[in-house]
Structure formats: structure tokens, C-alpha cells
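**Q** Got a structure here, written out as C-alpha cells. Questions coming.
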Amino acid sequence: MTRSEPFVGRAGAAADLRAWLAAAAGGTGAVVLVGGPAGIGKTRLAEAVTGPAAVWGRCVDDPGAPPLWPWRRVLQALPEVGAEVSRALAELDGRAGTDLVAARFRFVALAADALVAAAEPAGLVVVLEDVHWADEASLRLLRHLAGEIRRSRLAVVATYRDTGPSGALFEALPELLGRPGTESLRLEPLTEPDVRAYLAEVGRAGVDAVDALRRSGGNPLYLKAVARSSAAGDGEAELRHLVRTTVAGLATGPRELLAIASVLGEEVDAHVVAEVAGRPVPEVVVALDRAVRAGVLLPADAGSRRFAHAVVRDGIYADLDQGVREELHARTAAALEHRAEPGVVAGHWLRSAPTPGTLARAAEWAETAARDATHALAFTEAARFLALALDCRRRAGPRDGFAALLVDLATAEYRAGRFARSFGHAREAAALTPDPALVAAAALVVRDTSAPDLLPGMAALTESALAALGPDADPAVRAKLLAQSAAVTADYGRATEAVKAADEAMELAELSGDQEARLDAVRARLKIRPFELPLAERLRLGALAVALGGTGRPLVALWGHKWRLDAAFEVGTVAVVDTELAAIAALAATTRLPLVRWHELRLRASVAAYRGAFAEARAQNRLAGELAAAELAEDRSAAGMSFAFAQQLADVVGDPAELPDGYDELLAIAPPLPITIISRPLCALLGGRRDEARAAYDALRPRLRDPDFLGQAPGIAPNLLPLLETFEDVETAEWLAARLAGAPPVGSGGAGTFCSDCSSGWTARLAALLGRHAEAVSRFEEAIAWDTRLGARPYVVHNRVRLATVLATLGELQRAETLARQAAEEARRLGMPGWLRDATALLDRLRHEGDPLTGREREVATLVAGALSNRQIAHRLVLSERTVESHVRSVLAKLGLANRTEVAAWAQRRGLTPDRTRTPPR
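Residue numbers 1 to 922, in the UniProt record's numbering, belong to the letters of the sequence shown in order.
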């Protein structure tokens, strides 16, 4: 792209851009965002610096524009890239369900990889204009590139208006600017010297530069018009007047065609203009060429032109009377129905006169555009088109098919990660339709989420759907609804009710033979009763889910791997834990589905912490939190999991600094689920606020005996234990010990949030609190064996300290001291400050209790252990031999020992070693 317009006042920006392009050519690519108001010269800068080899794409201000419009233009200019991406997209078409989300991410990744590959070996520069009008799918690809581009020879220069921030770009801009491959420039208005230089180059040196700067505001587009005209005024009114002045030099025919062109958009196709105008194509071509010579249009691709600047088109369009504008849109829509993208057609029908007929046409085309967007994996765009169709049908009057359209919209929004909006439309659909099947479909749109804000509505909608269907409905549909009801009820802590619904769902699913219904029922059962189903059955169901997931349902495969991983933790098979975690990582890599990647990160953080790799655990937890905020923002429970992990980590390492800022506030507004209620006093206790923790725990105690409250959640018991121990709640400890008695041993649980200690550790702590010391010793020994075998190094530290404490109570000081010393050494290696402090304090206490000697007596005992005689000791310590004899007698009496040999053995056990660098006298 070339232009003869002067290029002034951009030396610094041009130098920066050239430097980034040069770095890209050398192997350090970048996405360069060039921002500024309309007409400031963003495109002119890109033209001046990038050169003729750059590939250009342009976003357009049209609600009907198809997804990925600017990238399509780029890919068309790069046939080898376009072909590869087209093959990838065709490969992914026709899939249904949640796998479309995975396909979208795979498509984005493949497109990015193809662009990066096209930049080898000579480099590639892509320019995207007017990104403020970009659709969400285009921005997703741009964001992905910004994360990968640094290690390539690709440079992407994206221009955008930064005035009036709104739309998809400005929601994505903070994240985009934070990517490692993003650079940014903002173009400021021209200065007075710049204006003087411009006027001189265009032969308008006689124009007052100060006045021209004032009237143009330093905007090059305004300045160009000011230089050609003596019009007064400023702001938008002046711009429109300047545009009128420019257009006024054209004959009536070209002006009328420019009006049609402004309705078409920035891109002007002569054949479409001719059809709308009802004129011969050659006549239209001649007229448009006159507009090119007048500077209103610019040549573009063969057979087409474009407006010299968006504000020129905006000015012409704004001058049209409303009736004229609506008529032109209707004629344009009719002309484009056989040649344009459905979304473009829908947009023109929408902007025509709002009669029932035109609104119906707009809705039809918008629905077609939504289907196309779904096939292109652009779920946000599909939702936008469906919302447009919905609005048109609402305004048109008759509401036939309205509820079904709402379900389609809800489904698109759910796939796009907009859970709250999706559920709102699903609920509206259910309220509008008398059809029980459609009510059921609406109730099953939003699933697999524990978002607190949505749970009450999901429960009510599922109940309504079940009532509408009745007991004799399709067993597969009823099974899915009952599984949904069971999962939501379990999230509320009503375990008994949830178990009943889950069991009925399983019976109906087996009866129906529907695999999807069967898996929904299995998930509900395992959510409520993770340990009650036999281990062999859970492994079988996990394998079944993995196999079924291989047919194109990655979330099904994910749950299968998670069930198997949980079972492996339960029985202590470390190799299977690693195998299943690797399988989940592979699933995340191949599908690029955010939810799968989030679960992988959560599990990696949990397993790393369980094994004592705390730095890695913190890093994985941070990544999971960032992913949840970026891709799963409408499910607050996803972000809350990172906070919950941090709380558990604070307890495991014994450091309240691990608690994240704002956790108390988050717990205060969280719904009253059992795990949340228990977390409140636990968080206060970890933060050193004992009185607050006591008050919250006292309020909690009456609810603990409710079987629905404690349920089967693996996180409840281990979170209760610190509270029971701190507040010496023997009564509740007896009740909990009875509840856990007879349960099969569990190696660990709760890996989705934070791997717990083994169940032997839980029962050992309860026995210690209840004064059952012999039982506590046995249980702690079992726990240490479990944890050692599973590689749970932090829990080995915990249980060694606790076992040492019990042994000290029983008077087994030597063994207690050994355990405390081992725990202190391991806590120091792993970085567990609280437990190092506890182990060290216990060691000091044990040494004091196990060593009643004075300092001088300890010196004498140490030298006795070194086989020195009393005379040698007296010489070493500068004492009389009689005094030494007195100290030896005192040592024997205090320690209850019979002779010097036993003193030597005692000193050796305590690590007391004499200084052998000094030779005693004979």
C-alpha cells in the first residue's frame, strides 16, 4: 500500500516501530498496538514503515460482519497459510456439544502456528486496521499470537481508536497489553512545527499554521481538510462540514453513489452499488473513479474501492435522512442476499425500516449467521447474532419459536463461557414454553459448574423441568435432570437428598441405555459419595468415561482420568497417579480447552504441594487462578479454588503469609456451603485471630451433627481437625472418631483442591486429643508409613511432630527426640517455617525434660563419655579431683545410672561428644 500524502511529525514513533519490525525479522516477534483517535495517522504510520511486502487486514463497523473478517483477508493474501487453516477448520466442522469449545481453541492455535510458520525464514509483517471494531474471535487469535510471537519472525501491527472505550477490544486490552509479545504506541496530535512542515509539503505555506493547528487539533485528517478549505468551526460539526465540502466538488451522480457506498460500509463493491442504485456497472465504475480522484475513495482490491478514512464514510452516512438511510439498507440487504455473508445481510435488514417483514428477514439471516459462527468456533459471535435475532423477533410481534431461540442463545453463551447470561436466557425460555421437552433442554444448558450465584436458580429450574416432564417421560432425559439435581443439591450440602436423586438417575440411565445420561449419573454419584462406591467399580467407570471421551467429548475423558487419579491416591499407587496426571496434561495439550487446562493446573499444584515442591505448587496455583479469571470468569467458584488452595498451603507449611489478600472478604460473601462455613474459623485461626476463630467455631458446632452437613466431602474432616485440637473440643472429637471408625483406610483425597493427609493421620489426631495415647501412637505410625510410601513429605513432618508429642507424654523421650529432630531437619529442607518452629520447640522441651543436669554436670558427663579419668577431667576443667568425683556422683544419681559406662551411653544417645583436640595429662 502506498500513498503520496506527506508524512510528518512521527519520527519517534516510526523509529520505535522500525526497531520492533527489525527485531521481528531477527527472530524476536511482536504484536504492536498503535492507538490514537480517528484520523490521527495510525494507518499512515503503518504504511510508511511496513513497506509494500506487508499483508493487510481490516476490521469493519458492521454488526453483520462475519467472525475473523480481518484475518480472512490476511489468510487470502497468504495462500499456503489460508489452505492449512481452511483444512484445519474443515476438519473440525460438524462437531457438537462442548467439544466445539475445544475445537475453537485448536483452530486458533493452528492459525497462529501457520502464521508463525509463514514468517520463516525471511519474516512477515501483518497489519490489522481498526481493531477497535474487531470481533471476539479475531481478538482471541490476536491474544494467542501475543503469547507465542516472541520466539518468531512474525510482526503484527494493529491499529485502533482509543477514544470512547467500549466493545470487545477494550475488555481484552488489559490482558493483551500484559502479554509478553505485546508492544504499544500512542500517536499524539501534531505540533505546530509538524503542521508547518505539512502545509509546506502540500503547497499551502500561506495558510496560518497556528490557526490550522487550532482548527484541526493536530489531527492529520482534519488538517488535510483545513488545508483544502477555509471552513470555520471545530469538532464533529466541523468535520462533517469538511466532509461535505470535499464531496460537494463531485457531480450529483457520484454523490448519490457515495451515499449508497456509505451504507455498504468502508469497503465499496461497484457491482453491489450498481445493483442497489439500479444503474449499469460501467457507469458506476466511472463515477466511483471520480470519487477516487477527489480523495474521497481509495483504490483497494481489484473491482473495489474503500473510503479514504472511516470518518469520511461516517460523515456521509450521518448526513443521510433517516428515511433515505433505511430505504438504502433494505435495498442493500436484498442485493446482498445472494452474494454476502449472512451476518452482513442481517445487519442491513436490521438497519432498514423496522416493519414486521424486515425484522423477520433480519432474524432469519442472523440465525443463519449464528450457525456459520458456530461452525467457525466463534461462540461469542454466534451469541451476538442470536441475540440480534431474538431482539428482531421480539420487536416483530409473533413469538412462535421464541423459547427455542432462547435455548439456542443460552447454549451459545454457555459455550462462550458466559454462564450467568446463559442461565438467564435458559430460565427465560423455560418460563415461556409449555413444551416439557424444551423446559428440560433449558434446564440442561448450564452444567458442570458450582458457581454460587447460579446454584439457587439451577436447582429451581431443574425441579420445574422434572415436574413438567412427569415420572413417565423419556428415562434418559429424566436421568440427566436428576443427575443435575443431585449435583446442585450436593453443592448445597444436602447429602441425603442428593444421594436419593443420584441413585434414581443411575437406575434410569441404565434403563435407557443412553451413555451420556449414564455418565451424568456416574458423575453425580461420585460427587456425593466418592468413597462409598467400590474401588473396582470406580476404576471401571473411569475407564469407561475415558473410552467414551475418546469419541470427541474431552470433558467426559477428563472426569474419567480424575476418577482414576482419585482412586490411585486412595489406595496409594503412586505410579497410577503420575500416569493419570500425564494423561490429563496430554488431553489439555491436544484439546486446548480452558476447563481441561484449569483442572490440569489445579491437580499439578495439589500434587506438587503434597510432595513438598512448594515453589512449583504456588506457580501452578497462580497459573490456574489467572486462567480462571481470564476464561472462566463467570464461575466464581473456579477463582475461589486458588484461594482455598492457598489456605490449605498456609496450614501445611505453617505460615499465615500464604493466605492471599482478600480471602476473608471472599469467605464472608461466599454462600453458606459446609466447606465454606468451616473455612471461616480455620482462616481466622491460621491468621492468628483466635477469638474470632472461636466465635465462628462456636456458631458452627451445632451443625456438625447434621449428616447432610458433614456429608462425604473429603475436605470436611481434615479442615475440622485443627479447630477441634485448638479449642480442645473433646465431645465433637468423640463423635467424629465414631463416625470415621470402621471406614477403609484412604491414602489421600481431595486432589482437585488440595491433597489431604491419609485417614490414619486423621484418626491418630482424634485419638491423641481424646487421650487414647496407645491408639494414637499406632495410628501415627501407620500414617507415617502411608505418607512415606506415597511421597507425602510434608505430612511425614506433621505426623512425626505429633507422634513425638504423644511419645513425650508417655515418657518415651529418646524416641520422641529422634522423631522431632527428623521432623525439624525435613521442615527446614522443604521450607515449612511453622513446623520447623514447632519441632524445634519440642526438641528444646524434650532436652530440658530428659536432661536434669546442670551445665557443669553436663560437661563432666561429656568428658566421662570421652573415657577421661577424674584426674584428667579435673585438669581439663581446672577443678579439684574431689570436686569432679562429687559431680560424677550427682550425674549418676540424677540420671539413675549405675556406672560410668552407662553415663557414656547416655551421652552418646544425646549427641554429647567431648572435644578431642586437647590431649589430657596422664
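Glycine included, C-beta positions come from ideal geometry on N, C-alpha and C.
Please identify the residue among R871, T862, V884 whose C-alpha is closest to the C-alpha of L912.
**A** Start at 1 with the first residue of the sequence shown, and residue 912 comes out as number 912. Checking every option, the nearest Cα to that of L912 belongs to T862.
**Q** Could you check if L177 is buried or exposed, using at least 16 other CB atoms within 10 Å of its CB as the buried criterion?
**A** The residue you call residue 177 lines up with position 177 of the sequence shown. With fewer than 16 other Cβ atoms within 10 Å, it is exposed.
**Q** Quick check for students: name the residue ranges of the alpha helix (DSSP H) that lie wholly in the stretch 156-236, counting only runs of 4 or more.
**A** 168-178, 192-201, 209-216, 220-228
**Q** Exposed or buried, E665, counting other C-beta atoms within 10 Å across all chains shown (16 or more means buried)?
**A** Position 665 of the sequence shown, counting from 1, holds the residue named residue 665. Per the 10 Å Cβ criterion, exposed.
**Q** Use the C-beta contact count for I669: other C-beta atoms within 10 angstroms, 16 or more gives buried, fewer gives exposed.
**A** Within the sequence shown, the letter at position 669 stands for residue 669. Exposed: under 16 other Cβ atoms inside 10 Å.
**Q** Have a look at T590, L740, F727, A426 and flag the residue whose alpha-carbon is nearest the alpha-carbon of F107.
**A** For this step, residue 107 is matched to residue 107 along the sequence shown. Among T590, L740, F727, A426, the Cα nearest to that of F107 belongs to T590.
**Q** Compute the Euclidean distance between the alpha carbons of P6 and A277, then round it to the nearest angstrom.
**A** Taking the first residue of the sequence shown as position 1, residue 6 is located at position 6. Taking the first residue of the sequence shown as position 1, residue 277 is located at position 277. One C-alpha to the other measures close to 36 Å.
**Q** Go to D269, then tell me how far its beta strand (DSSP E) extends in each direction, as first and last residue.
**A** Counting from one through the sequence shown, the residue named residue 269 turns up at place 269. 267-269 is the extent of the beta strand (DSSP E) around D269.
**Q** Just grab the DSSP bridge partners of P299 for me.
**A** Locating residue 299 in the sequence shown gives position 299, counting from the first residue. In DSSP, P299 forms a bridge with R305.
**Q** Give me the Cα-Cα distance between L558 and L141, rounded to the nearest whole angstrom.
**A** Translated into the one-based positions of the sequence shown, residue 558 becomes position 558. Translated into the one-based positions of the sequence shown, residue 141 becomes position 141. So the two alpha carbons sit approximately 25 Å from each other.
**Q** Of all Cβ atoms in chain D, is any one closer than 8 Å to the Cβ of A353?
**A** You won't find chain D in this structure, because it holds only one protein chain.
**Q** Does the distance from the CB of F385 to the CB of G343 come in under 8 Å?
**A** Your numbering for residue 385 matches position 385 in the sequence shown. Your numbering for residue 343 matches position 343 in the sequence shown. Cβ atoms of F385 and G343: closer than 8 Å.
**Q** Helix, strand or coil: which one does DSSP assign to G35?
**A** Locating residue 35 in the sequence shown gives position 35, counting from the first residue. Looking at G35 - three-state DSSP - the assignment turns out to be strand.
**Q** Who are the Cβ neighbours of W835 in its own chain at under 6 Å, not counting the five residues just before and after it?
**A** Counting from 1 along the sequence shown, the entry for residue 835 is found at position 835. Excluding positions up to five away in sequence, the list reads G654, V797, A827.
**Q** Pairs of beta-carbons, one from the stretch 414-430 and one from the stretch 599-612, closer than 8 Å: are there three or more?
**A** The stretch 414-430 is not in contact with the stretch 599-612.
**Q** Out of D289, D321, R293, R279, which has the shortest C-alpha to C-alpha gap to A335?
**A** For the purposes of this step, residue 335 is taken as the residue at position 335 of the sequence shown. With distances taken between Cα atoms, A335 lies closest to R279.
**Q** Straight-line CA distance for residue 936 to T43?
**A** Any answer about residue 936 is impossible in this case: the structure gives the chain only from 1 up to 922.
**Q** Might you give, ordered along the chain, the residues of its own chain that have their beta carbon closer than 6 Å to the beta carbon of V49, omitting 5 neighbours on each side?
**A** Looking up residue 49 in the sequence shown gives position 49. Take V49, set aside five residues on each side of it, and the residues of its chain with a beta-carbon closer than 6 Å to its own are A14, L17, R18, in chain order.
**Q** What ranges does the alpha helix (DSSP H) occupy inside the stretch 557-635, keeping only unbroken runs of at least 4 residues that lie completely in it?
**A** 574-591, 594-610, 614-631, all fully within the stretch 557-635.
**Q** Give the DSSP bridge partners of A30, in chain order.
**A** Locating residue 30 in the sequence shown gives position 30, counting from the first residue. For A30, which the question treats as bridged, DSSP gives the partners A155.
**Q** Does DSSP put V286 in a helix, in a strand, or in coil?
**A** Your numbering for residue 286 matches position 286 in the sequence shown. Three-state result, V286: helix.
**Q** Helix, strand or coil for G640, going by three-state DSSP, please let me know.
**A** In the sequence shown, counting from the first residue as 1, residue 640 sits at position 640. DSSP places G640 in helix when its eight states are reduced to three.
**Q** Just verifying my parser: in three-state terms, what is the DSSP assignment at R705?
**A** Taking the first residue of the sequence shown as 1, we reach residue 705 at position 705. Shown here, R705 sits in coil according to DSSP, grouped into three states, outside any helix or strand.
**Q** If you draw a straight line from the alpha carbon of E364 to that of G265, how long is it in whole angstroms?
**A** Here residue 364 refers to the residue found at position 364 when the sequence shown is read from its first residue. Here residue 265 refers to the residue found at position 265 when the sequence shown is read from its first residue. Rounded to the nearest angstrom, the two C-alpha atoms are 22 Å apart.
**Q** In chain order, what residues of the same chain have a beta carbon less than 7 Å from the beta carbon of E775, not counting five sequence neighbours either side?
**A** As a position in the sequence shown, residue 775 is number 775, starting the count at 1. Answer for E775: A767, listed in chain order.
**Q** Whole angstroms are fine: how far does the CA of G295 sit from the CA of G323?
**A** Sequence index remark: in the sequence shown, residue 323 carries index 323 (1-based). Sequence index remark: in the sequence shown, residue 295 carries index 295 (1-based). Looking at the two C-alpha atoms, the distance is approximately 28 Å.
**Q** Over what stretch of residues does the alpha helix (DSSP H) that includes W71 continue unbroken?
**A** In the sequence shown, counting from the first residue as 1, residue 71 sits at position 71. 69-77 is the extent of the alpha helix (DSSP H) around W71.
**Q** Compute the distance between the beta-carbons of F379 and E634, then report whether it is under 8 Å.
**A** For the purposes of this step, residue 379 is taken as the residue at position 379 of the sequence shown. For the purposes of this step, residue 634 is taken as the residue at position 634 of the sequence shown. Not a contact, by the Cβ cut-off of 8 Å.
**Q** On a Cα-Cα basis, can you pick out the residue from E817, L533, V806, L830 that is closest to A792?
**A** Within the sequence shown, numbered from 1, the residue matching residue 792 stands at position 792. For the set E817, L533, V806, L830, the Cα lying nearest the Cα of A792 is the one of L830.
**Q** Check whether the stretch 543-556 touches the stretch 502-510, taking contact to mean three or more Cβ pairs, one atom from each stretch, closer than 8 Å.
**A** no
**Q** In three-state DSSP terms, what is R427?
**A** What you label residue 427 is simply residue 427 of the sequence shown in a count that begins at 1. In the structure shown, R427 sits in a helix (DSSP, three-state: H, G or I).
**Q** Just to check my reading of the structure: L659 and A646 have Cβ atoms closer than 8 Å, yes? What is that Cβ distance to the nearest angstrom?
**A** Along the sequence shown, read from residue 1 onward, the residue named residue 659 stands at position 659. Along the sequence shown, read from residue 1 onward, the residue named residue 646 stands at position 646. Right, their Cβ atoms sit about 6 Å apart.
**Q** In chain order, what residues of the same chain lie with their CB nearer than 7 Å to the CB of L667, ignoring the 5 residues before and after it?
**A** One-based indexing of the sequence shown puts residue 667 at position 667. Closer than 7 Å at Cβ, skipping near neighbours: T676, S679, R680, C683.
**Q** Rounded to the nearest angstrom, what separates A904 and A867 at their Cα positions?
**A** Position 904 of the sequence shown, counted from the first residue, corresponds to residue 904. Position 867 of the sequence shown, counted from the first residue, corresponds to residue 867. If you take the alpha carbons of A904 and A867, they lie about 8 Å apart.
**Q** What number of angstroms, rounded off, separates the C-alpha of R523 from the C-alpha of P471?
**A** If you number the sequence shown from 1, residue 523 lands on position 523. If you number the sequence shown from 1, residue 471 lands on position 471. The alpha-carbon atoms of R523 and P471 are separated by roughly 22 Å.
**Q** Measuring alpha carbon to alpha carbon, tell me which of L892, A893, R244, R871 ends up nearest T883.
**A** As a first step, residue 883 must be located in the sequence shown, where it is residue number 883. Out of L892, A893, R244, R871, R871 has the C-alpha closest to the C-alpha of T883.
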